[in-house]
Amino acid sequence: MAWALTVAGLAMADNAQHRSHATVQRVAPVSARSVPGGEPVALELGDAVALALRDNRAIRSAYLERIAQKFDLRVARDAFAPQLALKGRYLANRNHADRYRQGQLSPSASLLTPYGTRLSLDWAYAHTRANGAGRRYSDGANLAIIQPLLRGAGRGIADAPLRQAQLSEQLNRLALKDNVAQVITRTINLYRNLLRAQEQLRIADDGLLRARQLVDVNRALIAAGRMAAFDIVQAEAEVASQELAREGSRNQLQQSRLALAQLLALDLSTPLKAVESLHVAQLQIDADQALTQAQALQPAYLMQLVAGEQAALELRVAQNAQWWDLSLVGGASQLRERPGHALAWEHYVAVELEIPIGDLSRRQTLLRAQVGMEQQRLSQAESRQQLQREVTSAVWDIQVRWRQLQIAERAQDLSQRKLAIEREKLATGRSSNFQVLSFESDLRYAQGALLDATLDYLEAQVMLDQVLGATLERWQVALND
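Here is the structure:
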């Protein structure tokens, strides 16, 4: 079963909204807008996950946010691309001596390199038409190069904003992976809540059926003169009690359907029915291997590592900002005017030095960066220990859940045998309603315990996948971002 999630950007135009859908290798039996009412709509767990990936509003919102996030990275990259500008001006003026009209055009280009070098080139053209002075034209070009030598110099400092944007993009992708994994986990939990409600209703129906059968047996015994007539009250009270329990189970089933339908963005009146088998198989897990996998895949832990890289980069930039601003400047310019055809050239080379005095803001930035780095180290240590605890707890929990499941299976088998024997004894007059009803209660409790143990074990598997960061891999979901 392979699932591919493709929820690309939604364009914000009023009359053009482009949305990619989940690519699924089989067709889900429920459409996103299923027809309400009628017969129950069978829904498998895999189909529920596919619908959630396609129509869940939280995922769609996350992919909308990714449009802006990816454009932020594009803007950061564009800082090292040539920047072009065009400026024009037209002026009409008059004074006491003359009346003139002037036009100006000034295109310019600039470039910032990853080493901090700034290059700028601009060209200016102007023409003036005066009634008395006549026409004049001028044009010229300027080229300037500025190379920082201390503050802001070198690769790793000048391109720090781009590196920060790239790290932010990593955080955004990890956050998206975590969001999708949480939606998958919540979908599975709500689906199995629906399955639990269905099974609880079945157990209640079975209990009500057995209670009514017990009433029939009581009536037969009373008719045969082997039971006092007032003893049937216990059996009839049990029927009323089971009818009440059945109504509660029906209500829980409806609430579970509504919760799952809302998550899947379906019509709330869709009569969903979970059809997954409750078959379980034991998982053999090595705690050390699980921890290694979690360290490589869990989004929350990886986001903490990326945040550490960001803090280290901020500290490096803050340390560089403590240097004086020393730059090497060079350039050339030329100017030509007409009439006269005069052409003037100028070349220059300079060293610029700026020494701030009494400026505490840079020291403040460094102190903040140092504190942030130390805090990040503490956070990473806490995150590593937290991850180790979560993995150890998840592995231990799934082992305990398996032992509880085996015990619950044995308890249900024994309760069924115990009740069957006691009902046979009642039919022969060697038992009482009280004893049968007591064993009946034991069976219902054992059935509920087995259902809970089975679903708890399946839930433990889901939580283990989430702790290990393996939810998307388990469901073969690809983030086509």
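Note that our numbering has the sequence shown beginning at 15, numbered continuously upward.
Don't be surprised by glycine CBs; every beta carbon is placed ideally from N, CA and C.
Judged by DSSP in its simplified three-state form, Q413 adopts helix. Between E454 and S445, the gap from beta carbon to beta carbon reaches 8 Å or more. A residue is called buried once 16 or more other Cβ atoms fall within 10 Å of its Cβ, and S341 is buried on that count. The alpha-carbon separation between I159 and R187 amounts to approximately 38 Å.
Each residue's CA atom was taken as its position, placing V294 and F244 some 46 Å apart. Ranking Q333, E473, Q180 by CA distance to the CA of W416 puts E473 first. Shortest Cα-Cα distance from L440 to any of A325, P121, D230, L222 involves D230.
A Cβ-Cβ contact shorter than 8 Å links L311 with L482.
Proximity to D479 across E368, L272, I246, T406 peaks at T406, based on C-alpha coordinates. A238 sits in coil when the DSSP states are folded into three classes, being neither helix nor strand. V363 sits in a strand when the DSSP states are folded into three classes. In the three-state reduction of the DSSP assignment, Q118 falls in the strand class. Considering only W489, Q307, A383, the residue with the shortest C-alpha distance to Q402 is Q307. The beta carbon of T379 sits closer than 8 Å to the beta carbons of A332, A335 from its chain, once the five residues preceding and following it are set aside; these are given in chain order. With contacts defined as CB atoms closer than 8 Å, L157 and A358 fail to qualify as a contacting pair. When only Cα atoms are considered, Q449 and V253 end up about 16 Å apart. Burial state of A251 is exposed, judged by a 10 Å Cβ sphere holding fewer than 16 other Cβ atoms. For A138 against D153, the beta-carbon gap comes to about 7 Å, under 8 Å, which counts as contact. Taking C-beta atoms under 8 Å as the contact rule, A195 and L486 qualify, at a distance of about 6 Å.
If you compare the alpha carbons of S182, Q268, G239 with that of P54, the shortest gap goes to Q268. DSSP places I246 inside the alpha helix (DSSP H), whose first and last residues are 246-277.
Below 8 Å, enough C-beta pairs join the segment 125-132 and the segment 86-98 to call them touching: three or more.
In this structure, K191 is the residue among K191, R424, G344 with its C-alpha nearest to the C-alpha of P313. Here the alpha carbon of R200 sits roughly 11 Å from the alpha carbon of A62.
P175 sits in a helix when the DSSP states are folded into three classes. Taking C-beta atoms under 8 Å as the contact rule, A179 and A90 qualify, at a distance of about 3 Å. Q420 sits in a helix when the DSSP states are folded into three classes.
In this structure N494 is exposed. Its beta-carbon is surrounded by fewer than 16 other beta-carbon atoms within 10 angstroms.
Closest option to R458, judged by alpha-carbon separation, among A218, Y104, G148: A218. Here DSSP, grouped into helix, strand and coil, assigns V491 to coil. In the DSSP secondary-structure assignment, T142 is bridged to Q116, R150. Annotation for A463: A422, A425, Q426 place their beta carbon closer than 8 Å to its own, counting only its chain and skipping 5 residues before and after.
W137 is bridged by DSSP to A155. Counting every other CB atom within 10 Å of its CB across the protein chains shown gives I198 a total of 16 or more, marking it as buried. The secondary-structure analysis by DSSP pairs K101 across a beta bridge with S120. Straight-line measurement puts the Cα of L222 at about 6 Å from the Cα of E257.
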